[in-house]
Amino acid sequence: MAAVKSGKEIQDKYERLAREQLGLDSDWQLGTVATALPIGLEDRIDDLDANGELCDSERWQELTTHSAPLAWLPKGVIQVTMVSGSGSDRQQKVGFILTEDCRR
Numbered sequence: 140m141a142a143v144k145s146g147k148e149i150q151d152k153y154e155r156l157a158r159e160q161l162g163l164d165s166d167w168q169l170g171t172v173a174t175a176l177p178i179g180l181e182d183r184i185d186d187l188d189a190n191g192e193l194c195d196s197e198r199w200q201e202l203t204t205h206s207a208p209l210a211w212l213p214k215g216v217i218q219v220t221m222v223s224g225s226g227s228d229r230q231q232k233v234g235f236i237l238t239e240d241c242r243r
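In the numbering used here, the protein residues as written are 140 to 243.
Shown next, in the form of structure tokens:
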């Protein structure tokens, strides 16, 4: 029977894989992990950007994904957001990575 991994162990594994596969150094930390992505989000952002009656904060308040249909990523593929720095020096990188299950 396989040992059950803790959430921290899984997070550490994904962070390590993301650094390896995205070519990042140890300054980068795991921000988010997604196994499904909202469909049509880009179209919704474009529609809100085109609405000149809304200020920036109103645009983001109008952007909701809780009722958007989801597209599930294939087994063994996750989308990660990696972050580095803080404040005005904060950087983000997003990419798809393969988990070890699929790399064998």
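Glycine is no exception: its CB is placed at the ideal position from the N, C-alpha and C atoms.
Exposure label - residue i; buried when at least 16 CB within 10 Å
{"i": "residue 229", "result": "exposed"}
{"i": "residue 243", "result": "Note on residue 243: pLDDT 48, under 50, position unreliable in the model; the coordinate value appears next. It counts as exposed."}
{"i": "residue 216", "result": "exposed"}
Start and end residues, beta strand (DSSP E) containing residue i
{"i": "residue 175", "result": "175–177"}
{"i": "residue 232", "result": "230–237"}
{"i": "residue 209", "result": "209–211"}
{"i": "residue 223", "result": "216–223"}
Segment limits, alpha helix (DSSP H) that includes residue i
{"i": "residue 152", "result": "146–161"}
{"i": "residue 189", "result": "180–189"}
Spatial distance of residue i from residue j (CA atoms)
{"i": "residue 197", "j": "residue 184", "result": "12 Å"}
{"i": "residue 158", "j": "residue 234", "result": "10 Å"}
{"i": "residue 161", "j": "residue 147", "result": "21 Å"}
CB contact flag (residue i, residue j, <8 Å)
{"i": "residue 212", "j": "residue 171", "result": "no"}
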